[in-house]
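Residue numbers (this note's numbering), protein chains in the order written: chain W, 1230 to 1575; chain L, 46 to 352. Note that CB positions come from ideal geometry on N, CA and C, so glycine has one too. Small disclaimer: the values here were computed from a predicted structure and weren't measured. Input: a single structure, listed below in structure tokens.
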Amino acid sequence: MEIKPTEISEEHSYTNIISVVCPVYSGEHFLVELTEQIAHVRNKFTASSAPVTIGEAVFVIDEAIDKSEAVLRELQQQHDWINVITLSTGYGQHAATAAGILHTSGDWIVTLDEDLQHHPKYIPQLLAQAISRQADITYASPLQGPHNHFLRDGTSRLIKKMISWLTNNRHVSDFNSFRLIRGSIARAAASVMGHDGYYDVVLGWFTHRITVLKTEMKDIRVQQGEASGYTFKKLLSHARRMFVSSQTKVMRSIGMLGLLALMLSIGLGIYILQGVLMGDALNVRGWSSLAFLTLFFGSVTCMLFFVLFEYLSILTLHNQGKPTFYSVDRTADKQLLEHIDTLKTL
Amino acid sequence: MNLFCQRESLSAGPHPAVMVIGSGLIGSEIIRSLESDHYQLVYRSKLRWHHRSELDAQCRLFFSEVASLQLSQITVIWAAGKASFTSSSAETAREYEDFQTILKTLSSYFQSHSIPVHVILMSSAGGLFEGRRLVGQASEPLPLRPYGQLKLDQEQFVSDLEGVDQHLHLRLTSVYGKISPRNRMGLIPTLLYNGLQNRVSYIIGRQDTIRDYVYAGDVGRAVVQCIYTLPEIERRSLILGSSKPSSLLEVQQCVESIIQRKLFVNYTAEKNSSSITFSEPLNFPFLVNDAMHTNISKIYHAFAGHR
């Protein structure tokens, strides 16, 4: 389907395009239904007065372990708005998502999982949330734990909170693979992201206008008795990736500790010197000078490590593609704002 | 005008020939691909475009030189043209007139000698579909400026031209190729060249402007394939591109990673800086390499090797 936007003006209307991106690993049993649901939302947009539509759906095959590719090729024949990209090997969800995003043309991009845990029916509400809150990203957030398993859901939340504290990034807890992102920002983040980057952390380099929408999410695989694609090992892998993509305050904490120790050592040194000059005897010989020297050189070492890691952090982030600046155009949002009520009820 | 015949067929009676008009970025790649495919240059004549009143005569001189060749069929590939996005109506009108003159002369000559004529016209997807996204093969062109209208007129002219047995319009997306400082260069070779010189590149567009970029080498190979399969191609107009939309930021990042230097870029958002993209699948019958990084590396190393 071709979209024919013209200039934004009083006389002409601009059709906003939503691109859907879905990494595929083992979606053989879900892809047909998923496509039907996307098509359904697409039809609803077309039938409504809102100047927005789903222009394309990009499925990225990331070394799928089942017949997902055959299913997608069949769907591609039936729907001209479906695009299928096959990666040469399994690069992982974030890389596959970035690859899919780099094949889109949409003003807004929705990323979702293959297994209907993320239902396309929420796409209009995600967009409405972004427009009404003047945000660039809307994360879907589960109303209750998607895996319906206390340990799994609880561990996931705990690790996100820890990473959030360590990286000083308050949005970590909101990160979700079901997200709506402003197209230009999504593509910019995807184009700078390194091979080990965590996509949502990279998104944070471009915008802090993030909002959250509560939606229903269910791990249908588990409900149908299949093994969940979610494992503890994967969770740790995600955590590691998040950690290395971010500047952490661990190093800064070490630096602060070093500074504190330095000040303490100076204070102790002054105290000892004063005692010596005033002729006061100290109880344990050698203790005071030893304590002072240990504290002083220990703090200097901490400070040196802090400086070293700070430079390393800057170099790493630069290497990972963190931009100096990026500009964005949000002027088309006002047109969608006029149709916000329509979007919310779609 | 460059006339090619296949080497092994030259001495074997009537044989097909290929005439390439234009030897700029695209024309030179088509010529390179023909030579790789065992075609031999039989005759070359440089058209003197500034002597417009003599174009007809120049063509006739060309015919007299090649009259001895026994041609069973000729494929004329039009890859010439000076007009660009910023050309005025007067400039495009002049170019259209020259185009008509040459093609009419060619077609009537070959028709009078009972030589079947096929025409492959290098058109412009950007000119025809400016400001549009997710354009498909069946999309109707809607040019917004004289350049786009020129391309549409050229396509219509070829479709209606008497004496042409088969024709194909190849609508090229944004083509990038070798660095050639003396000639007009597109975005990517300009970024490469200026980047190596530590100069500022002035780009009409924004970091998030998205376009479809296709490598000139791939275009050349695809055109040569079209020569063989022309009768089998169902559509008369085909978009030739990579189908992968790339933002200017992505292109900039790619070039920086290849030349290992920061680029100094000044972006200017103007009316002709809108995004133009094309939907999958384009169903183009020939493989078009969309590995931009590989192609840009090729361009860079070819240039660096000659410095």
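In this structure, L/Ile66 sits near L/Met46, with a CB-CB distance shorter than 8 Å. For secondary structure counted as the beta strand (DSSP E) over 3 or more consecutive residues, the region 1341-1371 of chain W holds these complete runs in sequence order: 1366-1371. Judged by DSSP secondary structure, L/Leu283 falls within the beta strand (DSSP E) whose first and last residues are 282-285. Beyond the five residues adjoining it in sequence on each side, W/Leu1497 comes within less than 8 Å, by CB distance, of Ser1517, Ala1520, Phe1521, Leu1524 in the same chain, given in chain order. Ranked by Cα distance from L/Asp82, the options L/Ala267, L/Pro226, L/Val259 are led by L/Ala267. Within the same chain, Cβ atoms closer than 8 Å to the Cβ of L/Arg306 are found at Gly240, Leu241, Asn243, the five residues on either side in sequence being excluded. By the Cβ-count criterion, L/Phe174 is buried, with 16 or more other Cβ atoms from all chains shown falling within 10 Å of its own Cβ. Within the region 288-313 of chain L, the residues whose Cβ lies closer than 7 Å to some Cβ of chain W are Lys289, Pro290, Ser292, Leu294, Glu295, Gln298, listed in chain order.
Given a length threshold of 3 residues, each whole run of the beta strand (DSSP E) inside the region 237-301 of chain L is given here in chain order: 245-249, 255-260, 282-285, 290-292. Close to chain L, meaning a Cβ-Cβ distance shorter than 9 Å, are the following residues of the region 1416-1437 of chain W: Arg1416, Ala1417, Ala1419, Ser1420, Val1421.
For L/Ser169, the enclosing beta strand (DSSP E) begins and ends at 162-169.
Among the residues facing chain W, L/Asp263 is not included, as its CB has no counterpart in that chain under 8 Å away. Taking a C-beta cut-off of 7 Å against chain W, the contacting residues of the region 172-199 of chain L are Gly176, Arg177, Arg178, Leu179, Val180, Gly181, Ser184, listed in chain order. Burial check for W/Phe1526: the Cβ neighbour count within 10 Å stays below 16, so the residue is exposed. For L/Thr322, a Cβ of chain W is located within less than 8 Å of the residue's own Cβ. Under DSSP, W/Trp1337 forms a beta bridge with W/Ile1247, W/Arg1411.
Fewer than three beta-carbon pairs drawn from the region 271-288 of chain L and the region 1396-1412 of chain W are found closer than 8 Å, and the two stretches are therefore not classed as touching.
Secondary structure note for L/Arg105: its alpha helix (DSSP H) is the uninterrupted segment 100-111. Distance from the CA of W/Thr1367 to the CA of L/Arg93, rounded to the nearest whole angstrom, comes to 60 Å. Nearest CB-CB separation between W/Leu1331 and chain L: below the 8 Å threshold. By the Cβ neighbour-count rule, L/Ala261 is buried, with 16 or more other Cβ atoms within 10 Å of its own. For a cut-off of 8 Å, the C-beta gap from L/Tyr312 to L/Leu237 is around 17 Å, too long to register as a contact. In the structure shown, L/Lys307 falls within a coil segment according to DSSP collapsed to helix, strand and coil. Checking the DSSP bridge columns, you'll see W/Thr1440 partnered with W/Thr1367.
Within the same chain, Thr146, Thr150 come within 7 Å of L/Asp101 by CB-CB distance, once the 5 residues on both sides are set aside. Annotation for W/Thr1315: the continuous beta strand (DSSP E) segment containing it runs 1311-1315.
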